[in-house]
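Heads up, the thing below is written out as structure tokens.
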């Protein structure tokens, strides 16, 4: 599974998304979250269709996207997405 948290430097909601994802990650052993700054990889941001920050993307091992939240997801939404990615 791959979990990406897309953020930007002056994004207040990004801190809230970071907390939600971090809290959920503590409940799921082995869950790793990669935080990516949109300014650092503009070509990838465009390719993936990231339009706002924060954006949380959860993918299965095969790369299939199972969840995308533009904005701050709830912890429960994020946990359900993680469960879907493990199916």
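Numbering (this note's numbering), first residue to last: 95 to 181. Where a beta carbon is used, it is the ideal one built from N, C-alpha and C, also for glycine.
Between the alpha carbons of residue 126 and residue 145 lies a distance of about 23 angstroms. Contact check for residue 179 against residue 166 fails: the beta carbons are separated by 9 angstroms or more. Annotation for residue 172: the continuous alpha helix (DSSP H) segment containing it runs 169-180.
Secondary structure note for residue 126: it is in no alpha helix (DSSP H), with a DSSP letter that is neither H nor E. Following the DSSP letters along the chain, one finds residue 114 inside the alpha helix (DSSP H) bounded by residues 106-121. 152 is the residue among 100, 121, 130, 152 whose C-alpha sits nearest the C-alpha of residue 162. For residue 160, DSSP records no beta bridge to any residue.
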